[in-house]
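Same order as they appear, the protein sequences are chains A and B. Using this note's numbering, read the first sequence as starting at 72 and increasing by one per residue. Using this note's numbering, read the second sequence as starting at 1314 and increasing by one per residue. Glycine is no exception: its CB is placed at the ideal position from the N, C-alpha and C atoms. Note that the coordinates shown come from a computational prediction; the quantities given were computed from them, not determined experimentally. The block underneath contains the structure these notes are about, expressed in structure tokens.
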Amino acid sequence: SQKIEQNSEALNIQEGKTATLTCNYTNYSPAYLQWYRQDPGRGPVFLLLIRENEKEKRKERLKVTFDTTLKQSLFHITASQPADSATYLCALISGGYNKLIFGAGTRLAVHP
Amino acid sequence: GAVVSQHPSRVICKSGTSVKIECRSLDFQATTMFWYRQFPKQSLMLMATSNEGSKATYEQGVEKDKFLINHASLTLSTLTVTSAHPEDSSFYICSARPPGLNSGNTIYFGEGSWLTVV
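The structure is reproduced here in structure tokens:
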């Protein structure tokens, strides 16, 4: 069956460190993968998209890698700040209508 | 500012009544919108794909007679929860993608609607 797996346990890190979140998928062949941020009680906010022919994508303090052999994407936040505390979701496109299917998300807490 | 707007942001209704949630794309026309629901501390679960001018496509396990979707125009989709029960209490979120040939276009999400059925 198709699965998108993210670490369900919260990730706690110290301010200034690099946070690394993992997204693994099975039985998908996505042309691209997306990462979103979701704050409590709010809708997801798009952060980054990486295509299957791209190994790495950067945007300010964010970096995403995409390994189609391992079927894995890593999401990094460098020089993390308490304001980065949120739940981060990875998502894949699936189906004829380009439906966006989400992983369960990983909650990140950055402590001062 | 928001490019996808949902209304209401919070609604409380009595069991057995119906409640309608609106999703509007503000800056673009969306032939396709998506409806999700999210329980506390869980991921977004896709409920249905809303298509302008035609019937919605529902995901497996989602009752189409329970969750009525109407995509009346290129900027408006509505989700009506009929005969609501307490177990329907959830966070409902819509999304829309601007048109274009690039299927990787950013998808915009609404702010979500909290439904509480008492």
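Out of the options, state which residue places its alpha-carbon closest to the alpha-carbon of residue i.
i                      : options                        : result
residue 1430 (chain B) : B:1373, B:1330, B:1407         : B:1330
residue 139 (chain A)  : A:174, A:92, A:81, A:98        : A:98
residue 155 (chain A)  : A:79, A:86, A:72               : A:86
residue 1391 (chain B) : B:1347, B:1370, B:1328, B:1382 : B:1382
residue 1361 (chain B) : B:1375, B:1332, B:1367, B:1333 : B:1375
residue 1347 (chain B) : B:1333, B:1332, B:1363         : B:1363
residue 152 (chain A)  : A:180, A:113, A:174, A:145     : A:180
residue 123 (chain A)  : A:103, A:175, A:72             : A:103
Count the other CB atoms, across all protein chains shown, that sit within 10 Å of the CB of residue i; report buried if there are 16 or more and exposed otherwise.
i                      : result
residue 141 (chain A)  : exposed
residue 1384 (chain B) : buried
residue 108 (chain A)  : buried
residue 1353 (chain B) : exposed
residue 1323 (chain B) : exposed
residue 1327 (chain B) : exposed
residue 81 (chain A)   : exposed
residue 172 (chain A)  : buried
residue 1396 (chain B) : exposed
residue 1426 (chain B) : buried
residue 176 (chain A)  : buried
Measure the alpha-carbon distance for residue i versus residue j and round it to whole angstroms.
i                      : j                      : result
residue 83 (chain A)   : residue 161 (chain A)  : 19 angstroms
residue 143 (chain A)  : residue 101 (chain A)  : 11 angstroms
residue 159 (chain A)  : residue 1380 (chain B) : 28 angstroms
residue 1416 (chain B) : residue 106 (chain A)  : Legend: pLDDT at residue 1416 (chain B) = 48, less than 50; position of this residue unreliable, no value from coordinates given.
residue 1424 (chain B) : residue 170 (chain A)  : 19 angstroms
residue 182 (chain A)  : residue 1377 (chain B) : 44 angstroms
residue 178 (chain A)  : residue 1403 (chain B) : 20 angstroms
residue 93 (chain A)   : residue 164 (chain A)  : 18 angstroms
residue 1359 (chain B) : residue 1405 (chain B) : 10 angstroms
residue 78 (chain A)   : residue 1419 (chain B) : 24 angstroms
residue 1373 (chain B) : residue 1356 (chain B) : 17 angstroms
residue 121 (chain A)  : residue 130 (chain A)  : 11 angstroms
residue 111 (chain A)  : residue 91 (chain A)   : 20 angstroms
residue 113 (chain A)  : residue 119 (chain A)  : 18 angstroms
residue 191 (chain A)  : residue 72 (chain A)   : Given that chain A is displayed from residue 72 to residue 183, the structure contains no residue 191 (chain A) and the question cannot be resolved.
Excluding the five sequence neighbours on either side, which residues of its own chain have a C-beta within less than 6 angstroms of the C-beta of residue i, listed in chain order?
i                      : result
residue 1338 (chain B) : 1317, 1388, 1409
residue 1320 (chain B) : 1335
residue 127 (chain A)  : 136
residue 1365 (chain B) : 1344, 1384, 1387
residue 74 (chain A)   : 97
residue 149 (chain A)  : 89, 132
residue 134 (chain A)  : 147
residue 1350 (chain B) : 1358, 1360, 1403, 1405
residue 1371 (chain B) : 1361, 1377
residue 157 (chain A)  : 108, 110
residue 1367 (chain B) : none
Can you find the residues in the same chain that come closer than 7 angstroms, C-beta to C-beta, to residue i, ignoring five residues on each side of it along the sequence?
i                      : result
residue 1421 (chain B) : 1316, 1317, 1408, 1409
residue 95 (chain A)   : 76, 142, 143
residue 1401 (chain B) : 1394, 1428, 1430
residue 1398 (chain B) : 1328, 1430
residue 117 (chain A)  : 105, 107
residue 1325 (chain B) : 1429, 1431
Open item on the list: List, from N- to C-terminal side, the beta strand (DSSP E) runs of 3 residues or more that fit wholly inside the segment 1317 to 1355 of chain B.
Closed with: If only uninterrupted beta strand (DSSP E) runs of at least 3 residues are considered, those enclosed by the segment 1317 to 1355 of chain B are 1317 to 1320, 1323 to 1326, 1332 to 1338, 1345 to 1351.
TODO: List in chain order: all unbroken beta strand (DSSP E) runs of 3+ residues lying wholly within the segment 106 to 145 of chain A.
DONE: 116 to 122, 127 to 130, 133 to 138
Open item on the list: Please give the ranges of any beta strand (DSSP E) in the segment 1362 to 1421 of chain B, keeping only runs that are unbroken, at least 3 residues long and fully inside the region.
Closed with: 1380 to 1386, 1389 to 1394, 1403 to 1409
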